[in-house]
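Accompanying notes for the structure given below.
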Amino acid sequence: MTPWTRARQALLSSTVSRSLVKLMLVASRTLSNHLILCRPLLLVPSIFPNIRVFSRESSLLMRWPKYWSLSFRICPSSEHSGLISLRMDRFDLLAANQAYIRSNAQLRRLQAGSAPSSPHFGAFHRFCCWDPASSKTSFADDVSNRLRVGYRPENRELYDNFFQNGDASKTDGNFHPYDTHSNTYYLKTFGHNTMDAVPKIGYYRNTGSVSGVKINRPSLMDIHEQLAKVFDKFAKADGNTEEAESNKEEETKGGFVKFGWVKGVLVRCMLNIWGVMLFIRLSWIVGQAGIGLGVIIILLATMVTSITGLSTSAIATNGFVRGGGAYYLISRSLGPEFGGSIGLIFAFANAVAVAMYVVGFAETVVELLKVNAIMVDATNDIRIIGAITVVILLGISVAGMEWEAKAQVILLFILLAAIVNFFIGTVIPSNNEKRARGFFNYQASIFAENFGPDFRGDEGFFSVFAIFFPAATGILAGANISGDLEDPQAAIPKGTMLAILVTTIAYVGVAISACVVRDATGNVNDTVVSGMNCNGSSACALGYDFSSCKTQTCDYGLMNNFQVMSMVSGFGPLITAGIFSATLSSALTSLVSAPKVFQALCKDNIYRALHFFAKGYGKNNEPIRGYVLTFIIAMAFILIAELNTIAPIISNFFLASYALINFSCFHASYAKSPGWRPAFKYYNMWVSLFGAILCCGVMFVINWWAAVITYAVELFLYIYVTYKKPDVNWGSSSQAVYYINAIDSALELTTVDDHVKNFRPQCIVLTGEPMARPALLDIAHSFTKNNGLCICCEVYTGPRKLCVTEMNSGMATKQAWLTKNKRKAFYAAVAADSFRDGVKSLLQASGLGRMRPNTLVLGFKKDWKEATAVEVENYMGVVHDAFDFDFGVVVARISQGFDISQVLLVQGMFGFDILLYHYPKESQSVCPLLSESSISTISSMHVGEFNQRLLEASSQFKKKQGKGTIDVWWLFDDGGLILLIPYMLTLRKKWKDCKLRIFTGGKVTRLEEEKLMMASLLSKFRIKFADIHIIGDINMKPNKESWKFFEEMIEPYRLHESCKDLTTAEKLKREAPWKITDAELEAVKEKSYRQVRLNELLQEHSRAANLIVLTLPVARKGIISDYLYMAWLEILSRNLPPVLLIRGNHKNVLTFYS
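So that you can map any letter, position 145 of the sequence shown is 254 in this note's numbering, and since no number is skipped, the others follow by simple counting.
Now the structure itself:
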């Protein structure tokens, strides 16, 4: 079968199986319009192509959704042997919609054209096409001018849309849009034709950004490589992720509501801060704590919220803020562990806050109806009214953000009118009824009497503070809907800080304006009798006797009446309306905030079980499911029907959130990450740290057991998220601190001198693609995990351009594979002219400071007999280089071999189903994974055709080893590495049932003495062993059968110069310097005997061992040829259990000194 036939069959097979084969354009033939394809690249594209066979005549259609459609015929090239020639029939560029075209244009020069009408492909519209048959200019001639295409006549609107949006320039009557997905000219750089792009905000946006469309700048390769080479990757499209496409669909649904800083932040924060506490609890707080401590309580809460507001402003201005409020700010600053834990707590706190505000509203309604409209009793009436209220609020919230925003504005005006009404009422002279209830306008005596505290019952400063603090928790009301703000960076700082200032002034003003005594009877007849001793009572001095309140409970006064503000005001019903406004607006804000925060948390998929709640509905992406969940939680807490019980519950949750926001700001500043550049400058890292400590302290002072429970829940969630390791990368300050700590630790290590007691095997493991040699990685990982350094290394050889591209594209993926498979190892790759040169670079440059590798681990070259002399020389050269660079060497061998890449290729585990491979004969060196020695043309193969034992052998070190032995053949002293590695293996759970048996050589006449000496040495090393064997007949000649096998094995590689004349012998040496000469074989005959004899002894003593560790023989350079050394290794380890051939660098790695 010819190479063309094999390639054609493989290609046809790949089209049926949706292969991800990527064809690379490398040339264009002008006359025939043929596209010569050479060396197909097996790269996984961002969007899979649809490949369909039209006929059995190799006519194909390849369609990349949203990018291009290509139909062509394939045939063998008549001009270049071994290459595939494609005749293109039609080439179409596709786009999903105008917005997509505007940001993802696949063309550079547009001119008028008369393309035939094209059918629609579902939602995709073909807007430009190229037909080679009708083209006046050949495809090759147009390479230097880019692909010429034109808009169809009906797409004039698209032209105008491009021009009006400023993403293109119009010069000389031609239209030049910015391109983002193909390597075309960038013509908007100082008016000159160039691929260099001027600075543009679109280059720095995230994919799917809600604030604008992301575009991609030309890569360095685009502007650095030769134009022909750049054009090779014309078909390569960056593509957008499914998430980005869904984001775009959400954006284009139309009518997405965005709020400014006043309506979106200031109004919401003021309404949420001026909540239920302002009207029905602040007077009680002043009565308990007095005016002095009451103001201190207000200012202490303000200090907490102001510091948190500054920290929030700093974080919010350090980049674009999306929806999620406190959760988003904390998670993007401290990482998913903190964000995920506090996100649930904060969302729950907002849901409970709905209940608190609704209960406050219901209390007021019950107070109004208590005379003649009680339904059951006061407690149950609060429950009934609260349930009805929360249902109505849910309906408003579900109706959408527009209705909710309109309702908030109306409620704010009512609230402001109520506050003004209260202050007006304080200066209106009180009547007898109000005096009887304790209101006497502004009086110095009342101010003095109320200034000090009068805590009653179980109340104290911090218990009163706990009840008041929820009144200050509305500062995040604007940040919680950050995704609905026009400019969160400007709106959040401005609106939040101004809201804190205005509401604090109002709270202090109301507290100071408490013109009511603490206790009053409400009876207008309780006046002072002449001659009565007032004992300093301000009410008595003003003509009223409320002394009866000392012996019985009164209904009026600051301590007894929650409706004091309504009584003091100029128009009582307006205060009632204000209470309704404050409570309902705060409840509405919390009812909107909780689902928004929860939806953002669920969208990040940190808790997979909660992803159900991530779905949004309507043009505003409303979290309907989150609304229902919040409604259920609020309803449950409404049933408590006691405001003073609910308030302290959420105080701890909000304080925990504020503590983490402050700590986030401190942590980001402390980490000194280059990415921490907040536009808001009025913050200080130490003030933020003080705020975090203050929040934690207040939590414990308010209610220590509630604080413990809060932090226990948070710690549990933190540990859960840490264990699950969500696949997110937000550039958090935690990552920055990890980096700084790693650098500091590495630098600190450089000041520490090496000591034999601290020696650890730090390994370069030549796995190539890590998943291609799992057993080699597993055995190295067994003795390096938590004990040393493991670097999985891959060497790319071949055409530099292809190898560098492949290497760069796979670095992150292969490191992620190691992480996903719980391998504590790093991945490193180099591109080099040869395998040996690449390994030499790794040996010299790998590692950092003291964390530099000292051991090379590689697999035995099982195919050395079939390999070329150059490949064997490279393999042997790697071993020589390792010794030259003072490395220890570990050569591992298992019976089936380590390389399972062929099986993985057929299974599709590398990201594609089948490999189409054919190279011209003159190309010998390729990337390791695609090497000619490991890959052949595959057509219609199945996994069952491969040796299943290969897969079983590749996983043998993953499972627990049964009871058995690790046989260590310590034949020559190498510093102790051959003992240290098996000892470290026995420390692993998988190997702990395996006992060490030590084998070493000795004299027949001194076997017992040498056994005692070895036992003494091992005891000093504190290495436990099961048995020691002294072998006295190592230097005996092997039996004839074994030696004959060895001679037959090396026969193809012998020169046999002794039986030829001198001239012929010298000529043979020059032509094949790698062959084994008779003189060499005779000089090392005794060593060859030893290797063969050792295999016999290994077969005799260690055939049943779980693992054999054997001293690696050293080949002296210039004396031992490569093939003879490979024969030694082959005969040493053949037909045995897994073998590790180890040779240290002859420096001590073990010591018996303390």
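Note that beta-carbon positions come from the ideal geometry of N, C-alpha and C, so glycine has one too.
Using the Cα positions of residue i and residue j, report the straight-line distance between them to the nearest angstrom.
| i | j | result |
| --- | --- | --- |
| Ala460 | Leu697 | 10 Å |
| Lys931 | Lys781 | 30 Å |
| Pro1247 | Gly1073 | 13 Å |
| Arg1225 | Ala921 | 40 Å |
| Glu731 | Gly566 | 46 Å |
| Val737 | Asp713 | 20 Å |
| Val611 | Met379 | 8 Å |
| Ile758 | Ile533 | 35 Å |
| Lys658 | Val822 | According to the sequence displayed, residue 658 carries Cys and not Lys. Going by the C-alpha atoms only, they are around 45 Å apart. |
| Ile688 | Ile324 | 51 Å |
| Lys705 | Val475 | 32 Å |
| Val1113 | Asp1142 | 7 Å |
| Val796 | Tyr848 | 25 Å |
Check residue i in the structure and name its three-state DSSP category.
| i | result |
| --- | --- |
| His1138 | strand |
| Phe532 | helix |
| Asn1204 | helix |
| Leu1127 | helix |
| Tyr726 | strand |
| Cys624 | coil |
| Tyr665 | strand |
| Leu1096 | coil |
| Arg1115 | helix |
| Arg846 | The question names Arg, but residue 846 in the sequence shown is Val. Note: Val846 maps to helix in three-state DSSP. |
| Gly401 | helix |
| Pro736 | Residue 736 is actually Tyr in this sequence, not Pro. Three-state result, Tyr736: helix. |
| Glu731 | strand |
| Phe680 | coil |
| Arg565 | coil |
| Leu1216 | strand |
| Val1248 | strand |
| Ile454 | helix |
| Ala629 | strand |
| Tyr436 | helix |
Name, in chain order, the residues that DSSP records as bridge partners for residue i.
| i | result |
| --- | --- |
| Lys1104 | Thr1074 |
| Tyr941 | According to the sequence as given, residue 941 is Ala; it is not Tyr. For Ala941, which the question treats as bridged, DSSP gives the partners Thr906. |
| Thr1109 | Ile1139 |
| Leu957 | Met960 |
| Leu965 | Ile873, Val998 |
Throw me the rounded Cβ distance for the residue i and residue j pair, which I believe falls under 8 Å.
| i | j | result |
| --- | --- | --- |
| Asp993 | His1255 | Not confirmed; about 13 Å, so no contact. |
| Cys805 | Ala768 | 5 Å |
| Pro602 | Ser422 | 3 Å |
| Thr1109 | Ile1139 | 6 Å |
| Tyr436 | Gly452 | 4 Å |
| Asn753 | Asn812 | 13 Å between Cβ atoms; not a contact. |
Who are the Cβ neighbours of residue i in its own chain at under 7 Å, not counting the five residues just before and after it?
| i | result |
| --- | --- |
| Ala516 | Ile505, Leu697 |
| Thr1260 | Val865, Lys866 |
| Leu1086 | Gly997, Ile1251, Gly1253, Val1258 |
| Ala580 | Ile382, Gly384, Met386, Leu387 |
| Phe680 | Asn530 |
| Ala586 | Arg377, Cys378, Asn381, Thr698, Ser702 |
Take residue i and list the residues in its own chain whose beta-carbon comes closer than 8 Å to its own, dropping the five residues that flank it on each side.
| i | result |
| --- | --- |
| Phe721 | Cys711, Arg734 |
| Ile1090 | Pro870, Phe892, Val999, Val1218, Leu1249, Ile1251 |
Who are the near neighbours of residue i in its chain, counting only those whose CB is closer than 6 Å to its CB and skipping five residues on each side?
| i | result |
| --- | --- |
| Phe655 | Asp628, Ala629, Thr630, Ala648 |
| Leu391 | Val619 |
| Val625 | Gly547, Phe548, Leu667, Val673 |
| Arg441 | Trp839 |
| Ser891 | Leu1094, Arg1097 |
| Ala815 | Asn761 |
Is residue i near the ligand NAD, judged by its Cβ being under 6 Å from some heavy atom?
| i | result |
| --- | --- |
| Gly958 | In the structure on display, the ligand NAD does not appear, and there are no ligands present to speak of. |
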